[in-house]
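Read the structure below first, then the notes.
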Amino acid sequence: MKIEIVKFGELLISRPMGKDAYLSMTAYLLPKDLTEPIQLDFKGVKVLAPSWGDEFITPLVKQFGKRIEFINTENPSVKATLEFLQ
Amino acid sequence: MKVLDTCLQKAFRWLGLENGKEFLLPEEHCPARDVFQTRLDHVFNEMEKSSTPTSDYSLLTAVAGEIGNNSFDHNLGSWKDEIGIYFTYHLSEKFILIADRGQGVLSTLRRVRPELKTEAEAIRLAFTEQISGRAPERRGNGLKFAHRAICNKNWKLYFYSGNGMFIISKEILEVKGKQNIKGVLAILQYQT
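Rendered as structure tokens:
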């Protein structure tokens, strides 16, 4: 499945916003019996900061490990944040 | 006089007052995180329209976001008087300034590292180790991220907390001075 990150906002910066996005995503977007890979698509995201990423991406990676794939990560802050969180 | 000098003077005056309430203009003051986020969106949009290179403005916004949100993360319920931050910037002079009348870095980190004695020790630790005053929450990456971005882009961050002052570039350089502020002051200078 593909999750379009831009649907949570174009500027993704604070921890409270990241946490809220994660809770909303787990409630409404993630099927409970998901077995397929998850693509996190950053197309359209203008700013991603590590605080937001740590609340949203870190728990997903913890739960799904290598099934998480990142696509459209060319934006400099997206790239820097993903490198930093790994 | 440059805009930066005027803003710096204002920040130092605010951070030296016994009571910091009703000193900042409404357009300089972000009393809540939401207001800061909205103004940061505005800065980003202005940078997008300006001559700031595309490769810089998304990272600049991310770094400013980390520093500004730190003020809200670590001072919730502990502001000295005025809640929120002083946030200003200038695209031609290429700086972003963020200040708060909060606890400062030493007071924040001493909760988890009681052996810390000085602001300088605490600031250096904050930029080099993953550590947060909000343990057991797993936080404490924001300033390391800022340092990495600053190194990669050859920017400079002047960072003050209490009586500590550092110039953060590729190195983390302590500067001895006589200033002693109530809270934290950060000035990010970027070259394009």
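Respectively, the protein sequence lines represent chains A and B. According to my numbering, the first sequence is numbered sequentially starting from 196. According to my numbering, the second sequence is numbered sequentially starting from 4. All C-beta atoms, glycine included, are put in the ideal place defined by N, C-alpha and C.
### Message
Between which two residues does the beta strand (DSSP E) holding Gln-192/B run?
### Response
From DSSP, the beta strand (DSSP E) with Gln-192/B extends over 187-192.
### Task
Determine which residues of the region 44-65 of chain B have a Cβ less than 7 Å from any Cβ of chain A, and write them out in chain order.
Asp-44, Phe-47, Ser-58, Ser-61, Leu-62, Thr-64 and Ala-65
### Task
Leaving aside the five residues before and after Gly-145/B along the sequence, list all residues of the same chain whose C-beta is less than 8 Å from its C-beta, in chain order.
Glu-69, Ile-70, Asn-72 and Asn-73
### Task
Tell me Val-242/A's beta-bridge partners as DSSP assigns them.
Leu-206/A
#### Entry: C-alpha distance - Ser-81/B paired with Phe-26/B, whole-angstrom precision
19 Å
### Query
Across which residues does DSSP place Tyr-89/B in a beta bridge pair?
His-32/B and Ala-102/B
### Task
Return no unless some Cβ of chain B is closer than 9 Å to the Cβ of Asp-236/A.
For Asp-236/A, the answer is no, since every Cβ of chain B falls outside 9 Å of its Cβ.
### Query
Excluding the five sequence neighbours on either side, which residues of its own chain have a C-beta within less than 6 Å of the C-beta of Thr-276/A, listed in chain order?
Leu-243, Pro-245 and Gly-248
#### Entry: C-alpha distance - Phe-15/B paired with Gly-105/B, whole-angstrom precision
14 Å
### Message
Using only the alpha-carbon positions, how far apart do Thr-9/B and Gly-260/A sit?
### Response
Going from the Cα of Thr-9/B to the Cα of Gly-260/A covers about 50 Å.
### Query
With 16 as the cutoff for other CB atoms within 10 Å, does Gln-40/B come out buried or exposed?
Buried is the call here.
### Residue environment, Asp-76/B, which counts as buried when at least 16 other CB atoms sit within 10 Å
Counting Cβ neighbours within 10 Å, Asp-76/B comes out buried, since at least 16 surround it.
#### Entry: Residue-level contact to chain A via CB, Arg-42/B, 9 Å cutoff
no
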